[in-house]
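Chemist: Going down the list, the protein sequences come from chains A and B.
Under my numbering, the residue at position 242 of the first sequence is numbered 242, and the numbers go up by one with no gaps.
Under my numbering, the residue at position 77 of the second sequence is numbered 1077, and the numbers go up by one with no gaps.
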Amino acid sequence: MKTELTVIGTRARKVDAVKHATGRAAFTDDIEMRGLLHTKLVKGSYPHARVVSIDTTAARAVPGVVDIITHADVPRIPYTSAGQSWPEPSPYDMYILDSKVRFVGDPVAAVAAETPEIAREAVALVRVEYEPLPAVLDMHDAMSADAPRIHDEPESYGMFDAARNVAAHIDVEIGDVERGLAEADLVLEREYSVQYQQHTCLEPHVTICFLDEDLRLVVRTSTQIPYHCRRMLAFALDIPVRNVHVIKPRVGGGFGNKQEVVTEPIAAVLALRTGRPVKLEFTRTEEFTIARNRHPQHLRLRSGFKRDGSITANALYVLTNTGPYGTHALTVTGNTGTKPLPLYRTPNMKFYADIVYTNLPISGAFRGYGAPQGFFAMEVHMDEAAGKLGLDPLEFRRQNHIRKGDTDLMSAAAGEGSGKKPRVMHSCGLPECIDRGAQAIDWYEKRGKPGSGTLRRGVGMCILMQGSGVAGDELAAAALKMNEDASFNLMVGSADIGTGSDTTLCQVAAEVLGVPVENIIISSGDTDHISFDYGAYASSTAYITGTCVLKAAEDARQQIVAVAGRMMEEDPEGLLVHDCKVTSLNGKSVTLQQVALECLYGQEKTLVIGKGTHATKESPPPFVAMFAEVEVDIETGVIHPIHIVSAVDVGRALNPDICEGQVEGAVAQGLGYALTEEIKVGPDGRVLNPTFMDYKIFCSADMPKLTTILVEAEEPTGPFGAKSVAEIAINGPAPAISNAVHDALGIRLRSLPMTPDKVLAALDARERETAGAGAATRERT
Amino acid sequence: MHVTVNGVSQEWEVRPNETLLDALRRNAYTGVKRVCESGECGACAVIVDGLAIDSCIQLAVQAQGASIFTVEGLAEGEVLTPMQEAFAENGSIQCGFCIPGMVVTATNYLEQNGMPTEDDIRHVFIGNLCRCTGYKKPVEAVLRAVGGERR
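#1: Report the rounded CA-to-CA distance for serine 724/A versus valine 246/A, giving the unit in angstroms.
#2: Please go through the segment 567-622 of chain A and give each complete alpha helix (DSSP H) segment of 4 or more residues, from N-terminal end onward.
#3: Which residue comes first and which comes last in the alpha helix (DSSP H) that contains glycine 670/A?
#4: Run down chain A in chain order and give the residues with a C-beta less than 8 Å from the C-beta of asparagine 1090/B.
#5: In the segment 238-274 of chain A, which residue ranges form an unbroken beta strand (DSSP E) of at least 3 residues, counting only runs that do not cross its ends?
#6: Do threonine 1070/B and asparagine 1128/B count as a contact pair if the criterion is CB distance below 8 Å?
#7: Would you say arginine 1144/B faces chain A, with C-beta separation under 8 Å as the test?
#8: Quick one: Cα of serine 619/A to Cα of proline 735/A, how far?
#9: Would arginine 127/A be called buried (16 or more neighbouring beta carbons within 10 Å of its own) or exposed?
#10: Return the residue from the list Ala666/A, Ile520/A, Asp633/A and Ile642/A that minimises the CA-CA distance to leucine 760/A.
#11: Could you check whether the Cβ of alanine 1023/B sits closer than 8 Å to any Cβ belonging to chain D?
#12: Which word fits asparagine 400/A, buried or exposed, when buried means at least 16 other C-beta atoms lie within 10 angstroms of its C-beta?
#13: Which value, in whole angstroms, describes the spacing of the CA atoms of arginine 1151/B and alanine 1145/B?
#14: Which chain A residues are close to glutamine 1084/B, counting only those with a beta carbon under 7 Å from its beta carbon?
#15: Do tyrosine 317/A and tyrosine 357/A come within 8 Å of each other at the CB atom, strictly closer than that value?
#16: Could you tell me which chain A residues have their CB closer than 9 Å to the CB of phenylalanine 1097/B, listed as they occur along the chain?
#17: Using the Cβ count rule (16 or more neighbours within 10 Å means buried), how would you classify histidine 199/A?
#18: Closer than 8 Å is the cut-off here; do at least three beta carbon pairs connect the segment 525-536 of chain A with the segment 485-493 of chain A?
#19: Measure the CB-CB distance between valine 711/A and arginine 367/A and report whether it falls below 8 Å.
#20: Based on Cα-Cα distance, which residue from Val561/A, Ala542/A and Cys548/A lies nearest to leucine 513/A?
#21: If you follow the beta strand (DSSP E) that proline 858/A is part of, which residue opens it and which one closes it?
#22: What are the residues in the segment 434-447 of chain A lying within 8 Å of chain B by C-beta distance?
#23: Taking 8 Å as the CB-CB cut-off, is glutamine 1058/B touching chain A?
#24: Where does isoleucine 522/A land, buried or exposed, given buried means 16+ other C-beta within 10 angstroms?
#25: Kindly list, in the order they appear in chain A, the residues whose Cβ is closer than 7 Å to that of threonine 1133/B.
#26: Near isoleucine 520/A, which residues of its chain fall below 6 Å by C-beta distance, leaving aside the five closest residues on each side in sequence?
#27: Does the beta-carbon of proline 277/A have 16 or more other beta-carbons within 10 angstroms, so that it is buried, or is it exposed?
#28: What residue from Ser411/A, Val15/A and Ile8/A has the CA that sits closest to aspartate 502/A's CA?
#29: Return helix, strand or coil for histidine 381/A, following the three-state DSSP convention.
#30: Going by CA-CA distance only, name the one from Cys548/A, Ile441/A and Lys449/A that's closest to alanine 478/A.
#31: Return no unless some Cβ of chain B is closer than 8 Å to the Cβ of arginine 284/A.
#32: Below 8 Å between beta carbons: does that hold for leucine 1074/B and leucine 1020/B?
#33: Can you have a look at valine 1142/B and say buried or exposed, based on whether 16 or more other CB atoms are within 10 angstroms of its CB?
#34: Between which two residues does the alpha helix (DSSP H) carrying phenylalanine 288/A extend?
#35: Just checking: is the beta-carbon of alanine 1043/B within a distance shorter than 8 Å of some beta-carbon in chain A?
#36: Does tryptophan 86/A pass the burial test, meaning 16 or more other C-beta atoms within 10 Å, or should it be called exposed?
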């Protein structure tokens, strides 16, 4: 095999770039369907209520209304919308439609009509009689003895303790935390809180279902999980998997919100009942109110430290609000502990959590998957500890962070899936990330120089780790066939949701097969193809599907050199495949095109089909050192991020443009999480800010300067040394900015988002404290 | 009603309350994207009589007699404009849903200001929300397109 890489590591143009730049039809709703019906939902108006009756008479009388369904018309099968491997580790506590409303907006009926306007008109005419129930509108109340029970239906299962509204529970300990705390010179205990964050994928959830000519259900849908969607939908509808064909077109952003089966079931029921194509597309308001969000949490850290800076114990308790359904309840909060805790070498660790039901909006998967919550708490906490020990927070992290060769025991204790085992670090580029990041932000020059006046400056940092897929719970399968012109059809089950994975996977295949990227024609996310994949989540595609494509391409290459060897009368062993040809060391060569023609029409009469499957118990973490420089206005309390430096150990940058783009996009979402984004819910359980005007994501003019440094600590288990990159950077802005604000003002912000009122309140509190301390000192003297 | 879309004169039947966005998509201009339906995000941007507007907050009937350009009308066959080339090149397209609006907005802006600074472009894109890229590469793409046009 050749050793020099010609495609991997290049900034190859994205394979889908031209169609997007020219606006060609590519997304779920960009096709024309004859006789398409439009669906609108009748949504519950109470946070918690029983549906006493639904009268659809008037709505059915509207001309153009074709069908209306309620809970009486759908299978009573509990399922989870969480797109995870089977059996899903989330409780089966949802129904396609139910006779109980568990949050404001919970669908109780659906109308299919000839136009969206008619459907809307009919929705307004559906009369629903409710029996309102007491509601849980604060996660801190969920487990109290007098809290109303949210899941009292007998059919649901898989909850930890439904009677106490506990969807899931975690309790693990490594070593002995109490002993570790007793040995400590400093014990630091702090509480942190984080809010609902909305993904705001620009393309909303949208599904078009229809029956094909064989009466199979075709589901054209904006999803991250085509294969899970097929299995889960068949289960919820009680029909065989073979009768479902899921097609994922281009997807306008997912970020976890589409690692869920959301719009598919209702559209499928209506298509099966009417025999017509049916579309269900969420409005922007519905995205903000009834899709999914990042889980709000309350976190408590209790940690012990020695004077020399070592850590003796670290205990994390998390209270998580999963909303009315337990989608990703256990596993998101699992990551809140299993990602940050092992980052620091600590002999004694404890991680326990309650994930509770409330009558608030639904939480779910969101890029970072629990880690942003955990890292915010952990990295602000460690920064404070370093300060109290008189250490530079950067040096403190250098001293304590996990290293190559270390073993992460927390993954074994509390990891998800079937792959629970200690995770050995085969690579770790953190030292280089810290060095290069510190240099780029000018750490030693800028630290501790807030200046005076209204605008104060500060720099802060944090370190992060994530994973590459779910350890032990991933499978990818791909197939690749060779055509006459030395092009190859590559079929993968993974879902490029904008991440660039289709391009990266084409690069992997092109590298092995010695052809340019243009020679690979990729088709991803169609469940009728020869492929399989768990989907685009857990930062898995480059690492898991990438290795799978590497194997498929290698399989095809072996077949190619065997044929070429016969054509040239050479031993296939020594043949090289490069530049669209096969060459021998004796100087003979045949083009790949000649090989292809020989295969299909010559003596061989065979089709080159490369096959690859990949599963592993490994999930090597990428690492980040992130640095933030901020300017804080002490009159208004506004925090202006000025510069974010992300030094990211990706193992190997398969395509630097794509890696940088993943980091920059994650930073932008992380900045919103840190400073501006919060779904606010009123006392009646209603979302108060369901528009982009009232829910503030960062726009181009808000963005600080971004510096992205790709560090390549080659990962021996990854394709061409690659690890993941998609999620990790979203964890960083919140703690890095909180720590930078401390450098600027000496205050600690432990609640997100870090809004001006919180900054001003912290400044006030510090002033009162200083005044109080002054008074106390005077009293003593 | 009568409109000219991407240079092609056509007659549309529209409902009085139909937005220009809906009318365009119904007439197969699906590069115009539906995202917020309230003029907040710019994904439905089109050029109407020389000015980029959000088609989700304009009624179709208001465009009576107008000349409209959508993203589909920029490239000449297979030949992309320098702006489209620049966007396609550096990874500035991730999911692609905001890209037609960005390309249209930036193209229209360059007609008014041919020598924009990075800061100018960041301010032009205030009306174009993107959730994938962090805006860095799209802004760089516009700067590169400007450089390309100058050459």
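Heads up, the beta-carbon is just placed ideally off N, CA and C, and yes, glycines get one too.
Everything numeric in this text was worked out from a predicted model, so none of it was measured.
Modeler: Looking at the atomic coordinates:
#1: 26 Å
#2: 592-601
#3: 656-675
#4: Arg11 and Asp657
#5: 244-247
#6: no
#7: no
#8: 24 Å
#9: exposed
#10: Asp633/A
#11: Structure shown: chain D not included; protein chains present are A and B.
#12: buried
#13: Any reading at arginine 1151/B is ruled out, since the residue's pLDDT is 37, under 50, leaving its predicted position unreliable.
#14: Ala21 and Thr22
#15: no
#16: His20, Phe27, Cys201, Leu202, Glu203, Arg250, Val251, Gly252, Gly253 and Gly498
#17: buried
#18: yes
#19: no
#20: Val561/A
#21: For chain A, the structure presents residues 1 to 781; residue 858/A sits outside this window and is missing.
#22: none
#23: no
#24: buried
#25: Gly661, Glu664 and Gly665
#26: Phe488, Leu490, Cys506, Ala509 and Ala510
#27: buried
#28: Val15/A
#29: helix
#30: Cys548/A
#31: yes
#32: no
#33: buried
#34: 284-290
#35: yes
#36: exposed
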